[in-house]
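First residue of the sequence shown: 28, per this note's numbering; consecutive thereafter. The beta carbon of each residue, even a glycine, is placed where N, CA and C say it ideally should be.
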Amino acid sequence: MRSEKIAEILLRIGAVTLRPNKPFRYASGILSPIYTDNRLLMGYPKERKRIIKAMRDVIKENNIKAEFISGTAVGAIPHAAWLADLMKIPMVYVRSEKKEHGKENLVEGFIKQGAKVVNVEDLISTGGSALATIEALRNAGFIANDCVAIFTYEMKKASENFKNAGISFYPLTTFSTVVKVAKEKGYLSEKEVLIAKEWNADPENWGKRFGFEV
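See below:
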């Protein structure tokens, strides 16, 4: 199954690291049993090719009309570029904020009014960056209603955000799948799986609940 194969790739190359008994602290202050760095795919040509082909297949299988591919700066830019190249269509990328010089662009690249664009994300947590990118694309004149991502933490807030913004979301693999595959491959014990599974339902309080902070 595609989702399991993608999860196995991410775990094997270290793009996803699970550490339930020694959690990571995010910039937001939240403690988490998982850390994701899909930039590592840049160093694995064979694996990244499989993932980009999977993105293309998801677009085709769901009959999504893609005239452009977009990527959120900076993490999703290489993935968006590879996908656009594979599909032989134009690409743009969206900055986190406008440039303070020149044309002060937020969306970089050739813009075609009314063109349908599929946005690429390397990781979805709450969906905030994806929403900002979609909004920028829409404001620039694109029709932007679809988002493809390598991986999602499956947070409830993300689902709500996408639904409210009218965005169809297509992740290649998910938090629950990664945890399942990690157990099957021996990365996690049964106890660690139980601890990890509780995280994305209530990430803000997970650390306190399991005694990692007071």
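Only residues of its own chain outside the window of five on either side were considered, and among them Thr99, Asn146, Glu148, Ile151, Cys174 have a CB closer than 7 Å to the CB of Ala157, listed in chain order. For Ile194, the secondary structure class from DSSP, reduced to helix, strand or coil, is coil.
In terms of Cβ geometry, Ser97 and Thr204 do not form a close pair [threshold 8 Å].
Here Ile96 carries a strand assignment [DSSP, helix/strand/coil]. In this structure, Val121 lies away from Phe95, with their beta-carbon atoms at least 8 Å apart. Spanning the alpha carbons of Pro60 and Pro50 requires a straight line of approximately 5 Å.
Membership of Thr153 in any alpha helix (DSSP H) is not indicated, and neither H nor E is assigned to it by DSSP.
Secondary structure note for Phe178: its beta strand (DSSP E) is the uninterrupted segment 170-179. DSSP places Met28 in the coil class of the three-state scheme, outside both helix and strand. For Val101, no beta strand (DSSP E) encloses it, and the DSSP letter there is neither H nor E. With a 10 Å radius around the Cβ and a threshold of 16 neighbouring Cβ atoms, Met114 comes out buried.
For Met118, the enclosing beta strand (DSSP E) stretches over residues 118-121.
In the displayed model, Ser186 falls within a helix according to three-state DSSP. Between the alpha carbons of Lys143 and Asn166 lies a distance of about 13 Å.
Annotated three-state conformation of Glu217 is helix, per DSSP.
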